[in-house]
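Visitor: Per our numbering, residue 449 is the first one in the sequence shown, and the count goes up by one each step. Glycine included, C-beta positions come from ideal geometry on N, C-alpha and C.
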Amino acid sequence: MAARKTQSSRIEELEDRIDDLEEQLGQDPDGYGRSGSAPQVCSLPVLPERAFDAGVSSDRQRAILATGDKWVNGTNIHYFLFSSGLFGGASDQRAVVQQAFQVWKDLGIGLNFTEVTDIRDAELRIGFLRNDGSWSYIGTVALRLGQQERTMNFGWDLTQAGPNGLDTAIHEIGHALGLKHEHQNPNAGIVWNRQAVYDYFARTQNPPWDEETTDHNILNKLDPATVDGTEWDPDSVMHYAFAAGLINQPPEFRGGLEPAAGLSQKDKEVIRRFYPPIGAAALPQLIPFKSEQLALMPGEQKNFAVIPDHSRDYTFSTFGLSDTVMVLFEDIDGTPVYVEGDDDSGFNRNARFTVRLIKDRSYKLRIRLYYDWAAGDAAVMMW
């Protein structure tokens, strides 16, 4: 007589039969059908929490975190694409990334993107190391890395159709502009099937995700201060697709969630709010020894023209109890080129720098306010 089957062997046999039935119905166990496997997704680097000076209030911290990793509007961001060596990508892979930058540029935002061939000239350094995942540092965090380090990577073929192709490149560039994962928006109201999420991403990602990686990229909700009160956008290009069984609430997504391709309308609205188009109107000129009030709300920016009448060292400084980032660009053939900058956010001091300027050249000073932490407007002066 055949040996009696154990309960565990019966369960395994039943699972095999279910998998066979799913295949016959044109599905796979991960819910993506026989025509495609589960998509690979972005895995953001883990960074230490931002440090603040003692005595910085919670309100002030929240205001700084809301815009702290955004670029000053009007910045020309230079990017370098590795084409050889360990991080090198083939021409067809690089072409997809170039196309993705153009998608963002076509929105008419106040940022510009320029590809450079010398890594020393780049703020963003983009590699194509396979099996290292696709990821990017958030916004200006890239400026804190060594000049030879990657700030972004694409770990799979970008020429494929679906979310692992062009949308992956658009997504990672979105991170580089300061956007975060939309499915981690605290306003989403998502209730996860946590164990199913852990199991799914451990099974489908290459390399497999541990629970810490899944927490960091999916389950942990963002600090409400960093999402500027925006409503959840399940069609955002910054949102993952999720297979059936991973989301318990809202109930309409229990069978899976797949964002529409490309940038959503809310994606466009959010990025234009952070980086509105730069108008052609003449800027107010900053005159030596004359202070100018900023009169800004948190997150807003003010721009000044600087045209020195002598070649010498000039000092620029903000005044008042405020948190600001102040950046000086030189206008070279219509392109802003970074000269100097300072960010005083979270510290009990003012933004200040001294730099040599050349007579009759054209410069632009751009100042973004994070927070006024005492009564009275902040101001700026050069001398």
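If we require 4 or more residues per run, which alpha helix (DSSP H) segments fall completely within the region 493-567?
Guide: Taking only runs of at least 4 residues, the alpha helix (DSSP H) segments lying wholly in the region 493-567 are 506-515, 539-553.
Visitor: Measure from the alpha carbon of leucine 559 to the alpha carbon of each residue in Asp671, Leu711, Ile726, Lys669, then state which is nearest.
Guide: Minimum Cα distance to leucine 559 is reached at Ile726.
Visitor: Is it buried or exposed, glutamate 620, if we count other Cβ atoms within 10 angstroms and call 16 or more buried?
Guide: Result: buried.
Visitor: Across the region 814-822 and the region 740-753, are there enough close Cβ pairs to call them in contact, namely three or more that are closer than 8 angstroms?
Guide: Contact holds: three or more Cβ-Cβ distances are below 8 angstroms.
Visitor: For threonine 802, which beta-bridge partners are listed by DSSP?
Guide: Threonine 802 is bridged to Thr763.
Visitor: Where do the N-terminal and C-terminal ends of the beta strand (DSSP E) with lysine 435 fall, by residue?
Guide: Residue 435 falls outside the range modelled here, since the chain spans only 449 to 831, and no answer is possible.
Visitor: Of the residues Asn668, Val828, Ile666, which one's Cα is nearest the Cα of alanine 743?
Guide: Minimum Cα distance to alanine 743 is reached at Val828.
Visitor: Would you report the Cα separation of alanine 548 and leucine 627, rounded to the nearest angstrom?
Guide: Rounded to the nearest angstrom, the two C-alpha atoms are 15 angstroms apart.
Visitor: From the DSSP output, read off the bridge partner residues of leucine 572.
Guide: Its beta-bridge partners are Tyr527.
Visitor: State whether the region 798-809 contacts the region 504-511, with contact taken as three or more CB pairs (one from each stretch) at a distance under 8 angstroms.
Guide: Result no; under three Cβ-Cβ pairs closer than 8 angstroms.
Visitor: Since valine 773 sits in a beta bridge, which residues does DSSP pair it with?
Guide: The partner list for valine 773 (beta bridge, DSSP) reads Asp791, Arg816.
Visitor: Just reading off the alpha helix (DSSP H) that glutamine 643 is part of, what are its end residues?
Guide: Counting along the chain, the alpha helix (DSSP H) containing glutamine 643 begins and ends at 642-652.
Visitor: Let me know the secondary structure DSSP gives isoleucine 780 once reduced to three states.
Guide: In this structure, isoleucine 780 counts as strand in the three-state DSSP scheme.
Visitor: Quick one: measure Cβ to Cβ for aspartate 779 and lysine 812, integer angstroms, because I've assumed they're closer than 8 angstroms.
Guide: Going by Cβ atoms, the distance from aspartate 779 to lysine 812 rounds to 6 angstroms, so yes, they are a contact pair.
Visitor: Taking glutamine 488 as the reference, give the member of Asp605, Arg542, Arg498, Ala511 with the closest Cα.
Guide: The option with the nearest alpha carbon to glutamine 488 is Asp605.
Visitor: Grab me the residues of tryptophan 640's own chain with a C-beta within less than 7 angstroms of its C-beta, minus the 5 sequence neighbours each way, in chain order.
Guide: Excluding sequence neighbours, tryptophan 640 sits near Leu667, Leu694, Ile695, Asn696.
Visitor: Please return the same chain residues whose Cβ sits closer than 8 angstroms to the Cβ of alanine 708, not counting the five positions on each side in sequence.
Guide: Within the same chain, alanine 708 has close Cβ partners Asp683.
Visitor: Between leucine 555 and isoleucine 719, what straight-line distance do the alpha-carbon atoms span, to the nearest angstrom?
Guide: For leucine 555 and isoleucine 719, the distance between alpha carbons rounds to 9 angstroms.
Visitor: Output yes or no for whether 8 angstroms exceeds the beta carbon distance between aspartate 624 and alanine 590.
Guide: Residue identity differs from the one stated: residue 624 is alanine in this sequence, not aspartate. Contact: yes.
Visitor: Below 7 angstroms CB to CB, which residues in the same chain sit around alanine 822 once its five sequence neighbours on both sides are set aside?
Guide: Leu769, listed in sequence order.
Visitor: Short of 6 angstroms in beta carbon distance, which residues of its chain neighbour aspartate 761, apart from the five on each side in sequence? Order them along the chain.
Guide: Excluding sequence neighbours, aspartate 761 sits near Thr802, Arg804.
Visitor: Identify whether glutamine 697 lies in helix, strand or coil by the three-state DSSP scheme.
Guide: Glutamine 697: strand per DSSP, three-state reduction.
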